[in-house]
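**Student:**
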Amino acid sequence: MKRDQQSECGVCGSSSERLLLHNVRHRGTYRRLCSNCVLKTHQGLFCPICLQVYDPSPPPPNARRICAKCPSITHSSCSSSSSSSAIAAAAAAAAAATSSSSFICPPCSNPNFTFFNVNNKKPKVNGDTTAPARVSNNDVNERLVDVGSAKALVAAAKIAALSMSKAAAVARVEAERRVKEAALAKKRAREALERLLNLAAEEKKGKLARVDGNNGGPKNSNGFTLGN
12 MKRDQQSECG VCGSSSERLL LHNVRHRGTY RRLCSNCVLK THQGLFCPIC LQVYDPSPPP
72 PNARRICAKC PSITHSSCSS SSSSSAIAAA AAAAAAATSS SSFICPPCSN PNFTFFNVNN
132 KKPKVNGDTT APARVSNNDV NERLVDVGSA KALVAAAKIA ALSMSKAAAV ARVEAERRVK
192 EAALAKKRAR EALERLLNLA AEEKKGKLAR VDGNNGGPKN SNGFTLGN
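Its first residue numbered 12, the sequence shown is counted upward by one per residue in this note's numbering.
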């Protein structure tokens, strides 16, 4: 991963949440994603309304509803909730626009929907929040996160942790497999070398025997052929 890409989301390219990027394994590669993209790229691992992460498994079929447009799974109770949260309101609007037998998750119902929002609170200048931005270097904008965004941040962090745990397990299995393959290859190479040495020794013996046969048998120190 290039250093200049570590400060922005690997999917949407946003750099406004660079301090809140999560390390995940996405589509076979390790990437850093913002909370919103973590949730949008891992449908089915959490409820898109209450933001509960399904660990280890989602609710049973009789207690869940699946989005008609994506693999997102929500609790049946959440899909019919009258909560006043922005996510629940988006789900209710989607339900009202479709038949009662279908469910569309908030991201599918609104292309501009986002789970996570960070608002910059404009600092007061002489008590006036609408004054021009004549702010010294000692003044810092306050970054506000609402309750829904805080839940989204926690859910994204949990999913990222699960993703990296699974990636570590896969990497460990792959490493063990490669170690076994290397040991087997080493054993085969050693056996092949031993066979080669044996063949070379046998060939050398054969040559010596042929030489002795051509000269009438083995000779003594004076060059005379030895009898049987």
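Glycine is no exception: its CB is placed at the ideal position from the N, C-alpha and C atoms.
(1) Can you find the residues in the same chain that come closer than 6 Å, C-beta to C-beta, to His-53, ignoring five residues on each side of it along the sequence?
(2) How about Gly-21 and Arg-42: do their beta carbons lie closer than 8 Å?
(3) Whole angstroms is fine: what's the gap from Ser-174's alpha carbon to Leu-50's?
(4) Under a three-way DSSP split, which group does Leu-32 fall into?
(5) Can you tell me where the beta strand (DSSP E) holding Leu-62 begins and where it ends?
(6) Just reading off the alpha helix (DSSP H) that Leu-44 is part of, what are its end residues?
(7) Between which two residues does the beta strand (DSSP E) carrying Thr-85 extend?
(8) Roughly how many angstroms separate the alpha carbons of Ala-211 and Arg-199, rounded to a whole number?
(9) Nearest to Asn-121 by alpha carbon, out of Val-156, Leu-155, Ile-84, Lys-80?
(10) So who's on the other strand from Arg-76, going by DSSP bridges?
(11) Cα separation between Gly-172 and Gly-24?
(12) Around the C-beta of Leu-195, are 16 or more other C-beta atoms found within 10 angstroms, so that it is buried, or is it exposed?
(13) Put Gly-24 into one of helix, strand or coil per three-state DSSP.
(14) Start and end of the alpha helix (DSSP H) containing Cys-119?
**Tutor:** Taking the coordinates as given:
(1) Position 42 of the sequence shown holds residue 53. If you ignore the 5 residues before and after His-53, its C-beta comes within less than 6 Å of the C-beta of Ile-170, all in its own chain and listed in chain order.
(2) Here residue 21 refers to the residue found at position 10 of the sequence shown. Here residue 42 refers to the residue found at position 31 of the sequence shown. Their beta carbons are under 8 Å apart, which means Gly-21 touches Arg-42 by this criterion.
(3) For the purposes of this step, residue 174 is taken as the residue at position 163 of the sequence shown. For the purposes of this step, residue 50 is taken as the residue at position 39 of the sequence shown. Straight-line Cα distance between these residues: approximately 12 Å.
(4) On the sequence shown, residue 32 is found 21 positions in, with the first residue counted as 1. Of the three classes helix, strand and coil, the one that applies to Leu-32 here is coil, per DSSP.
(5) Counting from 1 along the sequence shown, the entry for residue 62 is found at position 51. Unbroken run through Leu-62: none, as it is neither H nor E.
(6) Numbered from 1 along the sequence shown, position 33 holds the residue referred to as residue 44. If you look at Leu-44, you'll find it isn't in any alpha helix (DSSP H); it sits in the beta strand (DSSP E) that goes 40-44.
(7) Position 74 of the sequence shown, counted from the first residue, corresponds to residue 85. Residue range 84-86 is occupied by the beta strand (DSSP E) that includes Thr-85.
(8) Residue numbering aside, residue 211 sits at position 200 when the sequence shown is read from its first letter. Residue numbering aside, residue 199 sits at position 188 when the sequence shown is read from its first letter. In a straight line, the C-alpha of Ala-211 is about 18 Å away from that of Arg-199.
(9) The residue given as residue 121 occupies position 110 in the sequence shown. Answer by Cα proximity: Lys-80.
(10) In the sequence shown, residue 76 corresponds to position 65, counting from 1. DSSP lists Thr-85 as partners of Arg-76.
(11) Sequence index remark: in the sequence shown, residue 172 carries index 161 (1-based). Sequence index remark: in the sequence shown, residue 24 carries index 13 (1-based). In the sequence as displayed, the identity of residue 172 is Ala instead of Gly. A straight-line Cα-Cα distance of about 21 Å links Ala-172 and Gly-24.
(12) Numbered from its first residue, the sequence shown carries residue 195 at position 184. If you draw a 10 Å sphere on the C-beta of Leu-195, you find fewer than 16 other C-beta atoms in it, and that means exposed.
(13) Along the sequence shown, one-based indexing puts residue 24 at 13. Gly-24 carries a coil assignment under DSSP once its states are collapsed to helix, strand and coil.
(14) Counted from its first residue, the sequence shown places residue 119 at position 108. Per DSSP, Cys-119 belongs to the alpha helix (DSSP H) from 117-120.
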